[in-house]
Structures are given as structure tokens and as C-alpha cells.
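If you read the sequences in order, they're chains B and D. The working numbering puts the first residue of the first sequence at 1, with every later residue one more than the last. The working numbering puts the first residue of the second sequence at 141, with every later residue one more than the last. All C-beta atoms in this analysis are idealised placements derived from N, C-alpha and C, irrespective of residue type, glycine included. Please read these numbers as outputs of a predicted model, since none were measured by experiment. Heads up, the thing below is written out as C-alpha cells.
Protein chains: 2
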Amino acid sequence: MNDGFLLNERLASGSTDIGCHGICRVLLKNQAHFPWLLLVPMVPPEITELHHLSDAQYTAVSDSIRVFSHWMEHAMHAEKVNVAAIGNQVRQLHIHIVGRNSQDIAWPGVVWSFPEKMPYADVEHERIKKLLRVVIDGQG
Amino acid sequence: MNDGFLLNERLASGSTDIGCHGICRVLLKNQAHFPWLLLVPMVPPEITELHHLSDAQYTAVSDSIRVFSHWMEHAMHAEKVNVAAIGNQVRQLHIHIVGRNSQDIAWPGVVWSFPEKMPYADVEHERIKKLLRVVIDGQG
Numbered sequence: 001m002n003d004g005f006l007l008n009e010r011l012a013s014g015s016t017d018i019g020c021h022g023i024c025r026v027l028l029k030n031q032a033h034f035p036w037l038l039l040v041p042m043v044p045p046e047i048t049e050l051h052h053l054s055d056a057q058y059t060a061v062s063d064s065i066r067v068f069s070h071w072m073e074h075a076m077h078a079e080k081v082n083v084a085a086i087g088n089q090v091r092q093l094h095i096h097i098v099g100r101n102s103q104d105i106a107w108p109g110v111v112w113s114f115p116e117k118m119p120y121a122d123v124e125h126e127r128i129k130k131l132l133r134v135v136i137d138g139q140g
Numbered sequence: 141m142n143d144g145f146l147l148n149e150r151l152a153s154g155s156t157d158i159g160c161h162g163i164c165r166v167l168l169k170n171q172a173h174f175p176w177l178l179l180v181p182m183v184p185p186e187i188t189e190l191h192h193l194s195d196a197q198y199t200a201v202s203d204s205i206r207v208f209s210h211w212m213e214h215a216m217h218a219e220k221v222n223v224a225a226i227g228n229q230v231r232q233l234h235i236h237i238v239g240r241n242s243q244d245i246a247w248p249g250v251v252w253s254f255p256e257k258m259p260y261a262d263v264e265h266e267r268i269k270k271l272l273r274v275v276i277d278g279q280g
């Protein structure tokens, strides 16, 4: 499935690759303002839209979206989960899963137009990575 | 399924309700800058997140997302389809499907932070509604 798969440099540069879930790589953005995951399906580069995925791929990606949305609500205590496939700037198919809170700095606006970046403190970064690995290591 | 379902006033006010697809109402936003649909699953109001849907509901909504994303690419000639469940301001679960083009006024930014509204001319509005009805009337 991931033969020849290359993660886009822009997606990779601001995030940490935590591992695989289903057919997706799971990246944690280094943005302490909001817990923010990117799911990157390991599919050929010409597949730039969710609806270009095959039935089996679409089902697998939808399942991963659901699993990490649930994680965002329960492990990250998100009040609202924002899920999006945009890709206007980076065409490699990727899905954003962002945990939002009415106290967060961009609320109720969307994170994609919020310019300020804040890297995680090491301890918090490690804590979240561990919580993600519970999901990734626990897949059936 | 839609017993007691009430469409949120803010969702209804800026859009036209075209009909039903699967378990979703299909709304066309009156925003001529970008073809923009809202899919509103007819589920109880406490279900505010995609991952709160039951397996059957999630599958039905995922299928509708795929169908209208395909429509956006082929009937609306979108270069890129933006799909998102946000809901920070209106909690009734709704999914945005937006057709984007590198010539559009907000490109490559996201539509949710673009403030300018432009209503459709009547002829164009009718044309798009007809194209949507082809999909809605054609469901199995």
C-alpha cells in the first residue's frame, strides 16, 4: 500500500510522524494552541481528493477519521472537533482533525486562517504522543 | 429518521433546501463566489459531531459526502473540493462541500474566513439547482 509513498515536505516539516493507522500516516502538528492531527492516506500522489479513493480506501480513511475524532474528544477533551480535507496549498491528500475549545485563541474562527504558531513544550509534546500511540498500538 | 428534525435557522437562512440525499438534507448556499453545499444529517440535535453518528448513519453520511464531492468536481468543474465538518458557530451537525478554483476570489485561503457574500443571479441559481436535482432524483 505504501510502496513509493513520500510524505510531502510541508506536511512533514511542522509535525511529528507518530505512526500508521489503517492506510494513513498520523502526524501531530507542532501547534500548542490546538491539538491538531493530520491523517495522510498512503496512496498514489494523483489521488488528491477523498472521493478519488477506492471504496476500500475510503472506508479505511473514514474509519481512521472517526477513531481520531473520538480520541480528540476524549483524550484531548475537545469541546468540538473540526474535521476537514482542504488541500488548496498542499495537494497531497490529508485530513485535518483539530480539537477546539471555546477558550482557545482562534475560537470560533477556523484554525486555517489563524497565523500564530506556538510549539509544544517538551513534556506536553511527549504526553500527547504517548496518548496517540495508545490508539496506534491498539489497532486490531 | 427525520421525525422532529428542525433545520437550524442560520443554516436555512442563507441557503436553499434542495431535497434529501440518504439521511441528509442538501442545502445550496446562496454564495456565487464558490459552489457551496451543506449536508445536514437529519439526526437528533444532541449529535453534533460526525463521530457521534451510529455506524449506519456514518456510512450514509460518508456516502453522501462522496457523491456530492464527485458532483462538485464534475458538474461544477471544481479544481479542488474542500470538505469540512466545523460547527463552532452553529452546532447542528452539517458538512460543508465547497468547489474551489485557483481563480476564485478567496484562493488559496479557506472560505470560512472569507467575509464577502455575493448572491446568485437567478438563471445561474436555477441552473445549479437543476444539476443538484439530477443527483437527488437519481438516488437508488
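Look at the segment 224 to 247 of chain D: the residues with a C-beta under 7 Å from a C-beta of chain B are Ala224, Ala225, Ile226, Gly227, Asn228, Gln229, Arg240, Trp247. Residues of the same chain with a CB within less than 7 Å of the CB of D/Pro185, apart from the 5 flanking positions on each side, are Gln232 in chain order. For D/Ile205, the enclosing alpha helix (DSSP H) stretches over residues 195 to 214. Closer than 8 Å to the CB of D/Arg206 there is at least one CB belonging to chain B.
Each residue's CA atom was taken as its position, placing D/Arg240 and D/Val221 some 6 Å apart. Counting other Cβ atoms within 10 Å of its Cβ, B/Gly4 stays below 16 and is therefore classed as exposed. Relative to B/Trp36, the option among B/Ala84, B/Tyr58, B/Ile47 whose CA is nearest is B/Ala84. B/Ser15 is a Cβ neighbour of B/Leu28, given a cutoff of 8 Å. Residues of chain B with a Cβ closer than 7 Å to the Cβ of D/Asn148 do not exist, since the nearest Cβ in that chain sits about 15 Å away. Between D/Ser253 and B/Val110, the gap from beta carbon to beta carbon is short of 8 Å. Looking at the DSSP output, D/Leu167 bridges to D/Asp157, D/Leu178. In this structure, the CA atom of D/Val274 is about 25 Å from the CA atom of D/Ala196.
Residue pairing by DSSP places D/Lys220 opposite D/Arg240 in a beta bridge.
B/Ile23 is the residue among B/Ile23, B/Ile95, B/Arg10 whose C-alpha sits nearest the C-alpha of B/Ile136.
Following the DSSP letters along the chain, one finds D/Ile187 in no alpha helix (DSSP H), marked with neither H nor E.
Contact annotation: in the segment 39 to 64 of chain B, residues whose CB is within less than 7 Å of a CB in chain D are Glu49, Leu50, His51, Tyr58, Ser62. Contacts between D/Glu213 and chain B, judged by CB atoms closer than 8 Å, involve Glu49, His51 in chain order. If the five residues before and after D/Leu151 are omitted, its C-beta is found closer than 7 Å to the C-beta atoms of Leu167, Leu178, Val180, Val230, Gln232, His234, all from its own chain and listed in chain order. For the segment 109 to 125 of chain B, residues whose beta-carbon sits nearer than 8 Å to a beta-carbon of chain D comprise Gly109, Val110, Trp112, Ser113.
A distance below 7 Å between beta-carbons, with the five flanking residues on each side excluded, links B/Asn30 to the following residues of its chain, in chain order: Gly14, Ser15, Thr16, Pro119, Tyr120.
One finds nothing in chain B with a Cβ atom closer than 7 Å to the Cβ of D/Lys169; even the nearest lies about 16 Å away.
Inclusion of B/His33 and B/Ile105 in the CB contact set at 8 Å is warranted, their separation being smaller than that value. Taking a Cβ-Cβ threshold of 9 Å, none of the residues of chain D is close to B/Ser15; the smallest such distance is about 19 Å. A Cβ-Cβ separation of about 4 Å places D/His191 in contact with B/Ser69 under the 8 Å criterion. Taking C-beta atoms as the reference points, B/Glu124 and D/Glu189 fail to come closer than 8 Å.
In this structure, D/Val238 is the residue among D/Gly159, D/Ile187, D/Ile205, D/Val238 with its C-alpha nearest to the C-alpha of D/His217. Taking 8 Å as the threshold, the shortest C-beta distance from B/His77 to chain D does not fall below it. The beta carbon of B/His33 does not come within 8 Å of any beta carbon belonging to chain D, so the residue lies off that interface.
B/Leu132: member of the alpha helix (DSSP H) spanning 122 to 137, first to last residue.
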